[in-house]
Structures are given as structure tokens and as C-alpha cells.
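Student: Dropping the structure in here first, questions after.
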Amino acid sequence: GARLTFSYGTKPLKKWLIEKKIPRDLRDGLPILCGPEGPLAVGGLWSAPAAEEASEKWLYFFCWRNEI
Numbered sequence: 550g551a552r553l554t555f556s557y558g559t560k561p562l563k564k565w566l567i568e569k570k571i572p573r574d575l576r577d578g579l580p581i582l583c584g585p586e587g588p589l590a591v592g593g594l595w596s597a598p599a600a601e602e603a604s605e606k607w608l609y610f611f612c613w614r615n616e617i
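Per the numbering used here, residue 550 is the first one in the sequence shown, and the count goes up by one each step.
Shown next, in the form of C-alpha cells:
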């Protein structure tokens, strides 16, 4: 359950990708940039408001497969 943060609240990553009509085969290999609090950016399609603040901290890069 990774959740994306928006100005109006949060949304599950999987639901957001489906709503954006990202094909399943592309979703499986989409790079996801994460920090300690969760996703910060998704493959150039979305970035969290906190992403700029986190740029000076350690970040982790994940590529989830078959989970989205």
C-alpha cells in the first residue's frame, strides 16, 4: 500500500496509476523514488510536495515489480 500525497489528501498508488491509464506492463517497471515517509516521485509522472524539501536528505530508489 504505497500512497501518494496530494493537496486534497492521499490516494493509493495503484488506483492513481489506473486512473491515469498507465498500462499494467508499464506500471510493473515504473521507477519510484522513495524517502523514509513514502513515495516522493513516480517515473516523471508525479512528485510529492515534500520532494523538494527531501532533496538534501538521503533518498532511496525502488522499482517495484508485480506489486502495483
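The beta carbon of each residue, even a glycine, is placed where N, CA and C say it ideally should be.
Owing to the predicted nature of the structure, the values given are computational and were not obtained by experimental measurement.
In terms of DSSP beta bridges, what is Leu575 paired with?
Tutor: Partner(s): none; Leu575 has no beta bridge.
Student: Taking DSSP's pairing of strands, which residues face Lys560 in a bridge?
Tutor: DSSP lists Leu553 as partners of Lys560.
Student: Suppose contacts are defined by Cβ-Cβ distances below 7 Å. Is Leu579 in contact with Leu589 by that definition?
Tutor: No. Outside cutoff.
Student: Excluding the five sequence neighbours on either side, which residues of its own chain have a C-beta within less than 6 Å of the C-beta of Arg552, listed in chain order?
Tutor: Within the same chain, Arg552 has close Cβ partners Thr559, Pro561.
Student: Ser556 to Pro598, Cα distance in whole Å?
Tutor: So the two alpha carbons sit approximately 8 Å from each other.
Student: Beta-carbon within less than 7 Å of Leu587's beta-carbon, same chain only, minus the 5 sequence neighbours each way: which residues are those?
Tutor: The amino acid occupying residue 587 in the given sequence is Gly; Leu does not appear at that position. Hits under 7 Å: Ala551, Arg552.
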